[in-house]
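Student: Numbering (my numbering), first residue to last: 406 to 608.
From the three backbone atoms N, C-alpha and C, an ideal C-beta is built for every residue, glycine too.
(1) Measuring alpha carbon to alpha carbon, tell me which residue in 482, 565, 513, 579 is nearest residue 553.
(2) Reducing DSSP to helix, strand and coil, say where residue 440 ends up.
(3) Work out the CA separation of residue 493 and residue 423 for me, nearest whole Å.
(4) From residue 617 to residue 593, what does the alpha carbon distance come to, in whole angstroms?
(5) Strictly by DSSP, which residues pair up with residue 596?
(6) Are there 16 or more other CB atoms within 10 angstroms of the CB of residue 499, so buried, or fewer, so exposed?
(7) Quick one: what's residue 499 bridged to in DSSP?
(8) What do you reckon, are the CB atoms on residue 425 and residue 588 nearer than 8 angstroms?
(9) Where residue 558 and residue 489 are concerned, what is the direct C-alpha to C-alpha distance, given to the nearest angstrom?
(10) Report the rounded CA-to-CA distance for residue 529 versus residue 581, giving the unit in angstroms.
(11) Do you know how far the Cα of residue 548 is from the Cα of residue 471?
(12) Whose CA, out of 430, 459, 428, lies closest to the CA of residue 575?
(13) What residue does the alpha helix (DSSP H) around residue 451 start on, and which one ends it?
(14) Taking buried to mean at least 16 other C-beta atoms within 10 Å of its own C-beta, is residue 486 buried or exposed?
(15) Can you list, in chain order, the residues of its chain whose CB lies under 7 angstroms from that of residue 452, leaving out five sequence neighbours each side?
(16) What separation, rounded to the nearest whole angstrom, lies between the Cα atoms of residue 495 and residue 441?
(17) Compare the C-alpha of residue 543 against each of 595, 598, 478, 525 and name the closest.
(18) Would you kindly check if the distance between the Cβ of residue 538 and the Cβ of residue 561 is under 8 angstroms?
(19) Here's the rule I'm using: 16 or more other beta-carbon atoms within 10 Å means buried, otherwise exposed. How should residue 568 be labelled?
(20) Report the partner residues of residue 364 according to the DSSP bridge assignment.
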């Protein structure tokens with residue numbers, strides 16, 4: 406454990422300005438998302454652009470592609486959240502039917518195994534299976550976030566934990582720490598969005 410902490414501190418001291426800026430912007434994004442503010446999306450786009458570059462340089466091709474995709478989703482998310490606001494200016498939230506979740510899980514599993522095999526054969530990916538699973542799971546979670554579905558936070562709790570391990574294994578300590586912080590904030594986001602759900606009218 407002491408060796409791990411020593412390596413973590415060494416990696417933190419070696420953090421690049423781009424990594425630091427991407428982490429800071431990512432934190433702003435998720436805090437604003439918890440508050441259901443549409444302005445989370447521009448910060449998320451900038452953070453993802455930086456993380457895409459870092460992941461590409463760290464032999465995590467799926468994560469690089471995922472972060473690039475986030476930039477595009479941020480444009481959609483900003484538009485969607487702008488159009489679906491309540492009287493307080495916050496995006497209206499809701500739930501996804503469970504049948505859609507089952508279908509989505511099956512698709513994510515199939516894509517994960519197919520992609521991980523291709524990564525292992527065609528690239529120098531460090532963690533092909535975990536990288537692929539996190540990528541496709543993140544795509545689902547991001548789509549749910551852009552649609553303001555409450556379940557997105559449940560997905561992020563699991564995905565952020567896995568991504569923290571993934572980036573730590575590649576000596577991107579500050580990015581790894583960011584994802585562990587995201588995990589805590591995702592739990593807070595779930596609680597906040599649940600509290601923000603409208604109460605049913607009295608019968």
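Tutor: Taking the definition as stated:
(1) Start at 1 with the first residue of the chain shown, and residue 553 comes out as number 148. For residue 553, the nearest C-alpha among the options comes from 482.
(2) Locating residue 440 in the chain shown gives position 35, where the first residue counts as 1. In the structure shown, residue 440 sits in coil (DSSP, three-state: anything other than H, G, I, E or B).
(3) Within the chain shown, numbered from 1, the residue matching residue 423 stands at position 18. Within the chain shown, numbered from 1, the residue matching residue 493 stands at position 88. The alpha-carbon separation between residue 423 and residue 493 amounts to approximately 35 angstroms.
(4) Here the chain comprises residues numbered 406 to 608, so residue 617 is not present and cannot be evaluated.
(5) Working through the chain shown from its first residue, we reach residue 596 at position 191. According to DSSP, residue 596 bridges with nothing at all.
(6) The sequence position of residue 499 within the chain shown is 94, counting from 1. When all chains shown are included, residue 499 counts as exposed.
(7) Stepping through the chain shown from its first residue, residue 499 is reached at position 94. Looking at the DSSP assignment, residue 499 forms a beta bridge with 554.
(8) What you label residue 425 is simply residue 20 of the chain shown in a count that begins at 1. What you label residue 588 is simply residue 183 of the chain shown in a count that begins at 1. No, the pair does not count as a contact, with Cβ atoms beyond the cut-off.
(9) Working through the chain shown from its first residue, we reach residue 558 at position 153. Working through the chain shown from its first residue, we reach residue 489 at position 84. One C-alpha to the other measures close to 19 angstroms.
(10) On the chain shown, residue 529 is found 124 positions in, with the first residue counted as 1. On the chain shown, residue 581 is found 176 positions in, with the first residue counted as 1. Distance between the alpha carbons of residue 529 and residue 581 is about 20 angstroms.
(11) Numbered from its first residue, the chain shown carries residue 471 at position 66. Numbered from its first residue, the chain shown carries residue 548 at position 143. Going by the C-alpha atoms only, they are around 12 angstroms apart.
(12) In the chain shown, the residue the question calls residue 575 occupies position 170. Ranking the options by Cα distance to residue 575, first place goes to 459.
(13) Indexing the chain shown from 1 puts residue 451 at position 46. 445–462 is the span of the alpha helix (DSSP H), which, as asked, contains residue 451.
(14) In the chain shown, the residue the question calls residue 486 occupies position 81. Buried is the call here.
(15) Indexing the chain shown from 1 puts residue 452 at position 47. 427, 430, 431, 434, listed in sequence order.
(16) By one-based count along the chain shown, residue 495 stands at place 90. By one-based count along the chain shown, residue 441 stands at place 36. Residue 495 and residue 441: Cα-Cα distance of roughly 5 angstroms.
(17) Residue mapping note: residue 543 aligns to position 138 of the chain shown, counting from 1. When each option's Cα is compared against that of residue 543, the closest is 478.
(18) Residue 561 sits at position 156 when you count from the first residue of the chain shown. Residue 538 sits at position 133 when you count from the first residue of the chain shown. The answer is no: Cβ separation not under 8 angstroms.
(19) As a working note, residue 568 is residue 163 in the chain shown. Residue 568 is buried by the Cβ-count criterion.
(20) Nothing about residue 364 can be reported from this structure: the residues present for the chain run from 406 to 608 only.
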